[in-house]
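The numbers in the sequence shown follow my numbering, run straight up by one, and end at 701. Note that the Cβ used here is the ideal one computed from N, Cα and C, for glycine as well. Please read these numbers as outputs of a predicted model, since none were measured by experiment.
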Amino acid sequence: MNSAATTPRSKSSRFRPGDRRLKRRKSRVSTKGLYIRAIRDTFIKLSPQSAIKNPIMFLVWLGTIITLVATIYPPIFGPVTQKNSQLFNGLVTITLFLTVLFANFAEALAQGRGKAQADALRSTRTETSAKKIVVDGTITEIPSTTLKTGDTVYVVAGDIIPADGEVILGVASVDESAITGESAPVLKESGSDVASSVTGGTRIISDELIIRITTDPGKGFIDRMIDLVEGAERTKTPNEMALTILLAVLTLVFLFVVTTLPAFAYYVNSPINITVLIALLVALIPTTIGGLLNAIGIAGMDRVAQFNIIATSGRAVEASGDINTLILDKTGTITLGNRLAEAFIPINGHSMAEIANIALAASIFDDTPEGKSIVRLAEKFGAKFDIDRKQAQGVEFSAKTRMSGTNLPGGYEARKGAVGAIKSFVRSRHGKETPELDTAYEEVSHHGGTPLAVCLNNEIYGVIYLKDIVKPGIHERFDQLRRMGVRTVMLTGDNRITAAVIAREAGVDEFIAEATPEDKITVIKREQAEGKLVAMTGDGTNDAPALAQANVGVAMNTGTQAAKEAANMVDLDSDPTKLIDIVSIGKQLLITRGALTTFSFANDIAKYFAILPVIFVAANLESLNFMKLNSANSAVLSALIYNALIIPFLIPLALKGVKFRPLSANQLLQRNILIYGFGGVITPFIAIKLIDVLITFVGLT
Ligand SMILES: Nc1ncnc2c1ncn2[C@@H]1O[C@H](COP(=O)(O)OP(=O)(O)OP(=O)(O)O)[C@@H](O)[C@H]1O
Ligand SMILES: [K+]
Ligand SMILES: [Mg+2]
């Protein structure tokens with residue numbers, strides 16, 4: 001952390017109480033277009049190269065072809081009976097084909113939104129030319145796609161910034177709506193930690209800038225964003241891999257069972273035909289979750305994108321659902337962050353005028369919002385700075401020194417800062433500390449304010465009260481997190497008392513006061529050593545190592561390139577509280593997948609009971625047919641129709657995610673088993689019975 005952390009970011013300063021600022025990225029595509037595209041992709045996905053990527057559905061696809069052959073030429077797999085009629089084979093074929101199409105459609109629909117977003121992004125990235133500054137200082141125009149890391153370019157109002165980079169000279173306003181969807185221009189200037197990074201594809205709307213390019217062609221932020229929303233880079237996450245393997249193993253087991261059935265059936269004198277065997281196989285293998293698994297993952301990434309967050313990997317999104325510890329800083333994240341000087345408290349017999357004068361002198365070069373507000377307050381008290389500015393020299397604030405000030409002519413040093421920092425400053429100059437200082441500083445701290453001690457050389461004049469307010473609603477959000485089993489740790493450079501007061505008011509579980517930027521990484525490592533997953537936000541260059549170390553590191557879009565590269569998510573709105581939403585989205589993704597897996601497995605039990613009696617009907621195991629389905633054929637068909645229809649039925653749930661409640665992992669598990677496990681067993685019995693009655697009524701079997 002550095003001075004950047006105390007500067008309200010251009011965007012978070014627009015935070016209004018109660019305003020969640022989670023306006024969603026406006027969808028630039030029509031729903032109709034989305035569906036047309038999804039239907040087209042549904043059929044493209046039937047190609048073998050594409051179909052094989054989903055082994056479960058591929059097996060169904062193979063089964064469809066076999067039953068199709070049996071439909072065209074029924075005697076091919078044995079004598080034609082009523083159980084093996086052309087009509088029955090044909091109906092099974094259609095049902096199986098629909099099953100494959102439904103699964104393809106689910107995936108295509110999930111991908112569709114991302115593809116549409118990618119198209120929109122591509123259209124903003126027109127082929128631009130760049131004004132490259134060459135060694136002798138002259139400018140040559142080259143295509144922006146040939147720019148490399150380290151090149152220097154010149155841009156002027158109206159130009160599109162040709163590639164990602166850092167401003168090295170100039171101040172200008174930039175329209176970043178192409179990436180953030182936010183129309184208000186953002187100020188960019190060199191030297192500033194938070195405002196010096198620019199993104200290729202955005203447009204400069206005033207003044208001019210000189211930019212050093214920080215990415216190679218095709219590797220820029222917008223390129224990465226396109227790859228991501230399009231799903232080009234989507235590799236299966238570890239969780240998805242594990243589930244895919246489980247599903248594959250289950251499928252193999254069922255495949256084995258089903259292929260050994262004919263021998264067994266023959267033994268009990270009840271030969272089975274191939275169509276029924278395939279139907280049984282398809283009913284048993286986990287087609288529901290197999291068909292929806294990819295859609296769930298893609299939709300999770302998409303939900304993150306809708307919150308204006310760029311996640312660089314699906315793994316990060318999932319990890320955010322497993323987070324145990326959330327590290328947040330105080331100023332600007334938990335509090336509103338526009339700390340303003342509220343009062344001066346003179347001590348040691350000094351007057352209000354004296355402290356106001358020294359505070360003014362110590363703040364005259366301080367550009368932080370704190371510094372500026374101190375100047376305003378001091379001037380209200382009639383303080384004046386009548387020394388020639390050129391004779392004085394500013395001492396910039398840093399989170400490490402925790403103070404700032406001005407060196408005045410004649411060797412005078414005016415300083416203000418954290419009480420501990422000023423105490424040691426005064427001590428090093430053989431000044432004395434008084435109990436009055438502690439009284440004043442404790443009073444401010446007990447109000448949750450930040451006390452700044454003011455001194456001139458070795459004499460302390462008093463305390464400035466910087467007022468800061470806990471964001472409304474933050475307490476409830478931490479309560480939610482606690483219910484989800486997530487611990488929150490507040491890290492602040494402020495003193496222990498202030499930290500304790502704010503921590504209590506905000507309801508965080510733990511706080512660390514007088515923290516240096518390095519402490520962030522220490523805390524992360526400590527938590528990780530205990531086997532915990534940690535999430536944090538940051539924006540400064542010195543946050544980069546911690547962002548990289550955290551399991552989920554969210555960089556602010558206003559932050560430096562270093563921070564953005566180290567993080568695995570970038571928040572385009574630069575709202576540090578969004579970390580809380582990210583955790584919720586991740587949890588929802590994991591829960592949705594878990595719920596639908598449970599439902600899928602539970603479903604198969606019922607289908608098994610619907611079909612099994614059919615197979616052993618000749619063996620007089622009629623007692624197995626407790627569902628009293630009309631006929632063998634209608635039982636098989638009903639189970640298959642249910643098996644197909646359940647996929648489109650669950651698509652909305654897979655894409656939207658199951659209703660999310662902030663509960664602990666254990667409570668969630670219990671809830672899910674109850675709803676999706678129990679429901680998953682009951683639903684198909686009822687549905688299959690209904691379908692059986694219906695198809696018998698219309699005379700299909
Ligand atoms: N402009 C400033 N001049 C002098 N001292 C400052 C200034 N801004 C902050 N301080 C002091 O330095 C301390 C550390 O600042 P730092 O930015 O590291 O932490 P913070 O803003 O209090 O909390 P957080 O880390 O949550 O942002 C502050 O608590 C305050 O006492
Ligand atoms: K199934
Ligand atoms: Mg700060």
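Please tell me whether, using a cut-off of 7 Å, the distance from the CB of residue i to the nearest non-hydrogen atom of ligand 1 is below it.
| i | result |
| --- | --- |
| Met556 | no |
| Phe365 | no |
| Thr537 | no |
| Thr450 | yes |
| Lys471 | no |
| Arg402 | yes |
| Thr488 | no |
Assuming residue i and residue j form a contact by the criterion Cβ under 8 Å, report the distance between their Cβ atoms to the nearest whole angstrom.
| i | j | result |
| --- | --- | --- |
| Val63 | Leu96 | According to the sequence shown, residue 63 is Gly rather than Val. Confirmed, Cβ separation roughly 6 Å. |
| Asn603 | Thr288 | 6 Å |
| Val486 | Val636 | Val486 to Val636, Cβ: 48 Å. No contact. |
| Arg523 | Ile327 | Correcting the residue identity first, residue 523 is Val in this sequence and not Arg. That pair is a contact at about 6 Å. |
| Val508 | Met484 | Val508 to Met484, Cβ: 15 Å. No contact. |
| Glu166 | Ile211 | 7 Å |
| Leu716 | Asn89 | Given that the chain is displayed from residue 1 to residue 701, the structure contains no residue 716 and the question cannot be resolved. |
| Ala414 | Gly420 | That pair is no contact at about 18 Å. |
| Thr704 | Ile647 | Absent from the model: residue 704. The displayed extent of the chain is 1 to 701, so no value can be given. |
| Gly218 | Asp164 | Contact flag wrong, Cβ pair sits at about 11 Å. |
Counting only the same chain and skipping the five closest in sequence on each side, list residues whose C-beta sits under 8 Å from that of residue i.
| i | result |
| --- | --- |
| Lys372 | Ser363 and Asp366 |
| Ala311 | Leu228, Met301, Val304, Ala305, Val317, Asn568 and Met569 |
| Ser129 | Glu141, Ile142, Pro143, Ser144 and Pro162 |
| Glu459 | Asn348, Val426 and Gly431 |
| Leu109 | Leu34, Tyr35, Ala38, Ala295, Ile651 and Leu655 |
Can you find the residues in the same chain that come closer than 6 Å, C-beta to C-beta, to residue i, ignoring five residues on each side of it along the sequence?
| i | result |
| --- | --- |
| Leu690 | none |
| Leu589 | Gly300 and Gly321 |
| Tyr465 | Glu342, Ala343, Val444 and Gly449 |
| Leu101 | Thr42 |
| Ser27 | Residue confidence is low: Ser27 scores 48 on pLDDT, short of 50, so the model does not pin down where it sits. No coordinate-derived value is stated. |
| Ile651 | Ala106 |
| Leu629 | Ala635 and Asp692 |
| Trp61 | Ala51 and Val100 |
| Ile585 | Arg303 and Val304 |
Under 7 Å Cβ to Cβ from residue i, same chain only, skipping five residues before and after it: list those, please.
| i | result |
| --- | --- |
| Thr93 | Thr64, Thr67, Leu68 and Thr71 |
| Ser13 | Residue placement at Ser13 is flagged as unreliable, the pLDDT there being 32, under the threshold of 50; the coordinate-derived value follows with that caveat. So the qualifying residues of the chain are Asn338. |
| Gly462 | Phe344, Ile345, Pro346, Ile347, His350, Ile355, Ala440 and Val454 |
| Leu533 | Ala319, Asp322, Ile323, Asn324 and Asn551 |
| Gly314 | Arg234, Thr237, Gly297 and Met301 |
| Ala606 | Val681, Pro684, Phe685 and Ile688 |
| Lys467 | Arg339, Leu340, Glu342 and Gly449 |
| Leu408 | Ala361, Ile387, Ala392 and Ala414 |
| Asp151 | Lys132 and Ile213 |
Does ligand 2 have a heavy atom nearer than 7 Å to the CB of residue i?
| i | result |
| --- | --- |
| Asn54 | no |
| Ala106 | no |
| Pro286 | yes |
| Asn542 | no |
| Ala283 | yes |
| Lys532 | no |
| Asp604 | yes |
| Lys607 | yes |
Report yes if the CB atom of residue i is closer than 8 Å to the CB atom of residue j, and no otherwise.
| i | j | result |
| --- | --- | --- |
| Thr492 | Ala513 | yes |
| Ile213 | Lys115 | no |
| Ala535 | Ala566 | no |
| Thr516 | Thr541 | no |
| Ala178 | Leu209 | no |
| Leu243 | Leu293 | yes |
| Phe385 | Met352 | no |
| Pro286 | Phe58 | no |
| Leu284 | Phe256 | no |
| Val153 | Ile204 | no |
| Phe599 | Gly679 | yes |
| Leu712 | Ala279 | Outside the displayed range of the chain (1 to 701) lies residue 712, so it cannot be described from this structure. |
Handout entry: Any beta strand (DSSP E) of 3 or more consecutive residues that is wholly inside the stretch 370-436
Key = 393-395, 403-408 and 412-418
Handout entry: Every unbroken alpha helix (DSSP H) inside the stretch 109-142 [4 residues or more]
Key = Here no run is fully enclosed.
Problem - Contained beta strand (DSSP E) runs [length at least 3] in the stretch 301-380, N- to C-terminal order - result: The stretch 301-380 contains these whole beta strand (DSSP E) runs: 309-311, 325-329 and 340-346.
Practice task
Would you mind listing the alpha helix (DSSP H) stretches within the stretch 461-549 that are 4+ residues and don't spill past its ends, in chain order?
Solution key: 474-483, 496-506, 517-529 and 544-549
Handout entry: Length-filtered (4 minimum) alpha helix (DSSP H) runs lying within the stretch 163-221
Key = Whole alpha helix (DSSP H) segments, 4+ residues: 177-180.
Exercise for the section: Note down, one range per segment and in chain order, each beta strand (DSSP E) of at least 3 residues found wholly within the stretch 547-603. Expected result: 552-556 and 569-571
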